[in-house]
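2 protein chains.
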Amino acid sequence: MRYKLIVSYDGSNYHGFQKQNNGLGVEEVIETALFQITKEETNIVGSGRTDRGVHAYGQVCHFDSSVNLQESNWTKALNTFLPSDIRVISVTEVSDDFHARFHAKKKKYSYVITRKYDLFKRNHQTYIHYPLDVRLMKEALMDFVGKHDFYGFSTYVINKPTIKEIFEATLTEDGDKIVISFVADGFLKYMVRSMVGTLIDIGRGKLSKDIVKEVLESKDRSKAGKTAKPEGLYLEYVLYDE
Amino acid sequence: MRYKLIVSYDGSNYHGFQKQNNGLGVEEVIETALFQITKEETNIVGSGRTDRGVHAYGQVCHFDSSVNLQESNWTKALNTFLPSDIRVISVTEVSDDFHARFHAKKKKYSYVITRKYDLFKRNHQTYIHYPLDVRLMKEALMDFVGKHDFYGFSTYVINKPTIKEIFEATLTEDGDKIVISFVADGFLKYMVRSMVGTLIDIGRGKLSKDIVKEVLESKDRSKAGKTAKPEGLYLEYVLYDE
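If you read the sequences in order, they're chains A and B.
Numbering-wise (the UniProt record's numbering), the first sequence opens with residue 1 and increments by one.
Numbering-wise (the UniProt record's numbering), the second sequence opens with residue 1 and increments by one.
Take a look at the structure:
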């Protein structure tokens, strides 16, 4: 039986979603919980990595198991064995050819910036103490929308297609908080954090608002802004043709 | 010179405010930062303990130092050396007879309950999955107000005065969140958590709403509710005659 698992996690204490040599990944913790339930070695396949310190509301994975539990019992059993910073939202039986990574059609990421330091949210939003010109950031944001080669907004991408389509990009301001969201058919390594870092540098006046177009055209990473910190980043959801 | 320090901290990663043999206290971390600034061994005296996992918006301490810095420079220097989960709000010079514990006149504690589990706030609010009758809790809450012997709502209190006056007690509901606050001339060990635990047991129908009066009169801890968990508790402020 193949199962699709939707899981949320607080990435603060993990070295990213995937297994790491140098630290614990969320994936490994879920596999350990599955082993405790099924007594079978079970590999999970995620829709993609998230970096160290990055969070998820709805990461999607699949796994195969000969154990046949009711969907709600999978969820209950997993949440019993998982630590409190990883919570399974749902487990559903899917066809054997479902693939969490290859069949992902759309993903949404959100990035939360605050201009007021909050001790209790220090791992869950990125504090920026510079004044930001939000109007300029909004204008530049629109240049990301569409099908582009995002090579200049990524890092460590070798021999992989770098053309992605961003369907939607929004920036909302709520008091001291700024939330920037992207819906795309896929994202490259460090892509959201590079885009957000560039927008921050535009907002504080370090980069011109035309830099987005320039980096997309030149594919020159060195022209873009700094990679934004991981703590503000959330994988919101992954969508499939279903 | 004597200084008064107001500090906020996220207690999640500490074994309480005071130095502990078995784990790191917030106090010790502040003393280490003071040593890094002044190169003097400096003891701080807090307004009182907070338990392991309990937070503070405005804990107050005093310390003596031969080092004479501007008030704003103390704050900046301390925040440079302190970890991100402890933030100094202010440092002010006070008279030599100011005492953070003996001269405290009023303290406010708040306790945050949620009825919707939030992964990202698991260390900062207490999740209750039982339905709660908030009206009953509000009624019982009023019985705490006034001057009473709170021995029955404390633990490990030996040879200390147990009569305290609660000036104000409030319960506010906001969606899934319930915030219970107490302003008093002082609190005994585990007092707020015992009072809140009793209110929770009243809200879920395990205890009668008259139990508050009964415990205050009988001083019988065994009749009260369970001690509520630490993660929802915040020391809001400490006031002095100034």
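The C-beta atom is built at its ideal place from N, Cα and C for all residues, glycine as well.
All values reported here derive from a predicted model rather than from experimental measurement.
How would you write the range of the beta strand (DSSP E) that residue i sits in, first residue to last?
i, result
"Gln-59/B", "55 to 64"
"His-171/A", "Checking the sequence shown, residue 171/A turns out to be Leu, not His. First-last of the beta strand (DSSP E) with Leu-171/A: 163 to 174."
"Phe-81/A", "Run containing Phe-81/A: none in the beta strand (DSSP E); it sits in the alpha helix (DSSP H), 71 to 81."
Based on the DSSP output, what are the partners of residue i in its beta bridges?
i, result
"Arg-2/A", "Asp-64/A and Val-94/A"
"Gly-46/B", "Cys-61/B"
"Arg-87/A", "Ser-8/A"
"Tyr-127/A", "Thr-114/A"
Just reading off the alpha helix (DSSP H) that residue i is part of, what are its end residues?
i, result
"residue 243/A", "This structure does not reach residue 243/A, given that chain A is present from 1 up to 242, and the question cannot be answered."
"Lys-223/B", "Counting along the chain, Lys-223/B falls outside any alpha helix (DSSP H), and DSSP gives it neither H nor E."
"Leu-216/B", "211 to 218"
"Val-29/B", "26 to 38"
"residue 274/B", "Residue 274/B lies beyond the stretch modelled for chain B, which goes from 1 to 242, so this question has no answer here."
Examine the ligand ZN and report whether any of its heavy atoms sits within less than 8 Å of the Cβ of residue i.
i, result
"Ser-8/B", "This structure lacks the ligand ZN; in fact it carries no ligand of any kind."
Flag this pair as yes or no: are the beta carbons of residue i and residue j separated by less than 9 Å?
i, j, result
"Val-29/B", "Leu-82/B", "yes"
"Leu-136/A", "Val-212/A", "no"
"Ile-89/B", "Thr-75/B", "yes"
"Glu-236/A", "Ser-110/A", "yes"
"Phe-150/A", "Thr-198/A", "no"
"Tyr-3/A", "Thr-92/A", "yes"
"Lys-229/A", "Thr-162/A", "no"
"Glu-165/A", "Ala-184/A", "yes"
"Ile-178/B", "Leu-132/B", "yes"
"Lys-209/A", "Gly-225/A", "no"
"Asp-51/A", "Gly-16/A", "yes"
"Leu-119/B", "Val-157/B", "no"
"Tyr-130/A", "Arg-204/A", "yes"
"Phe-102/A", "Leu-216/A", "no"
"Thr-114/A", "Asp-176/A", "yes"
"Gly-11/B", "Val-54/B", "yes"
"Glu-168/A", "Phe-182/A", "yes"
"Lys-107/A", "Ser-47/A", "yes"
"Ser-65/A", "Thr-42/A", "yes"
"Thr-170/B", "Ser-194/B", "no"
"Val-26/B", "Val-45/B", "no"
"Val-196/A", "Gly-146/A", "no"
"Tyr-234/A", "Val-112/A", "yes"
"Ala-104/A", "Gly-186/A", "yes"
According to DSSP, simplified to helix, strand and coil, what is residue i?
i, result
"Leu-233/A", "strand"
"Ala-100/B", "coil"
"Leu-239/A", "strand"
"Thr-198/A", "helix"
"Ser-154/A", "coil"
"Ser-12/B", "helix"
"Lys-138/B", "helix"
"Lys-107/A", "strand"
"Gly-203/A", "helix"
"Lys-121/B", "helix"
"Arg-52/A", "coil"
| message | To be precise: take each residue of the segment 118 to 146 of chain A, compare its Cβ to all Cβ atoms of chain B, and keep it if any distance is under 9 Å. Which residues remain? | response | Leu-119, Phe-120, Lys-121, Arg-122, Asn-123 and His-124
| chain A contacts made by the segment 57 to 91 of chain B, where a contact means CB separation under 7 Å | Ser-84, Asp-85 and Arg-87
| Going along the chain, which residues of the segment 4 to 22 of chain A sit with their C-beta nearer than 8 Å to a C-beta in chain B? | Ser-8, Tyr-9 and Asp-10
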